[in-house]
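Visitor: Counting from 1, position 91 in the sequence shown corresponds to residue 90 in numbering that gives the first Met the number 0; the numbering is continuous, with no gaps. Each residue gets a CB set at the ideal place from its N, CA and C atoms; glycine is no exception. As the structure is a prediction and not an experimental result, all values here were calculated from the model.
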Amino acid sequence: MLVADQLLTEPVHLVGHSYGGIVAMLAAAQRPDAVRSLTVIEPPATSVAAGNPIVDEWAGEMRALFSDPGEDLPALLGRFFEVAGVQLPVLEPLPEAIERGTRALVGIRPPSEAELPLDALAASGFPCLVISGGHRERNELVCDVIAEETKAQRAVIPGAAHLVPDTGDPFNRRLEHFLVGSG
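1) Does the distance from the C-beta atom of Val141 to that of Ala28 stay below 9 angstroms?
2) Using CA atoms only, rank isn't needed, just tell me which of Pro10, Leu25, Glu9 is closest to Ile145.
3) Using CA atoms only, rank isn't needed, just tell me which of Val14, Ile107, Leu128 is closest to Val155.
4) Could you tell me the distance, in whole angstroms, from the CA atom of Ser46 to the CA atom of Ala74?
5) Among Val85, Glu95, Asp32, Tyr18, whose alpha-carbon lies nearest the alpha-carbon of Val11?
6) Under a three-way DSSP split, which group does Leu174 fall into?
7) In this structure, does DSSP put Val82 in helix, strand or coil?
8) Cβ of His16 within 9 angstroms of Cβ of Ile53?
9) Inspect the CB distances between the segment 58-68 and the segment 154-168 and report whether three or more fall short of 8 angstroms.
What follows is the structure, encoded as structure tokens:
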């Protein structure tokens with residue numbers, strides 16, 4: 000049984016941020032009948048723009064990070080923040096929830112390995128929205144390709160770098176406008 004079969008039991012508005020955007024795209028492609036709309040926010044889906052030197056460099060940075068996470072969790076989180084474009088300080092000691100999240104990074108597959116079925120998403124019939132933070136060219140390039148290939152709406156919401164939802168009202172208004180228009 001596919002994970003999407005277990006989680007998508009009725010039509011939903013699916014929203015995924017960062018690596019969760021990749022997961023949301025894969026789930027939506029597996030169960031398009033259970034998706035009312037799809038929103039992805041800054042997915043690090045570098046495979047969609049492979050061959051672009053800026054994106055290929057980013058993919059290499061992520062592969063290096065995940066292939067050798069090291070033992071120092073605060074240092075790992077700092078490297079992850081830099082690669083992802085998160086502009087937050089790393090607190091030491093790490094709060095328990097942040098430590099658990101950082102430990103979860105150890106051993107994950109680099110997002111560059113994701114083979115995204117953009118053609119299936121384009122053919123799905125549900126509306127899509129791709130959002131970025133306007134902070135790094137590489138993120139914009141990936142989001143542009145996803146939007147173009149899936150015929151998605153495209154939004155850039157600056158002010159919080161990779162953590163676009165942290166812009167608060169600008170993000171919430173754009174997402175609400177999209178969801179209301181999506182039924």
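Guide: So, to answer that:
1) In the sequence shown, counting from the first residue as 1, residue 141 sits at position 142. In the sequence shown, counting from the first residue as 1, residue 28 sits at position 29. Going by C-beta atoms, Val141 is not nearer than 9 angstroms to Ala28.
2) Counting from one through the sequence shown, the residue named residue 145 turns up at place 146. If we check each option's Cα against that of Ile145, Leu25 comes out closest.
3) Sequence index remark: in the sequence shown, residue 155 carries index 156 (1-based). Closest option to Val155, Cα to Cα, is Leu128.
4) Counting from one through the sequence shown, the residue named residue 46 turns up at place 47. Counting from one through the sequence shown, the residue named residue 74 turns up at place 75. Using only the alpha carbons, I get a separation of about 27 angstroms.
5) Sequence index remark: in the sequence shown, residue 11 carries index 12 (1-based). That would be Asp32, whose Cα lies nearest to the Cα of Val11.
6) Translated into positions along the sequence shown, residue 174 becomes position 175. Of the three classes helix, strand and coil, the one that applies to Leu174 here is helix, per DSSP.
7) One-based indexing of the sequence shown puts residue 82 at position 83. Reduced to three states, the DSSP call for Val82 is helix.
8) Against the sequence shown, residue 16 aligns to sequence position 17. Against the sequence shown, residue 53 aligns to sequence position 54. No, they are not a contact pair.
9) no
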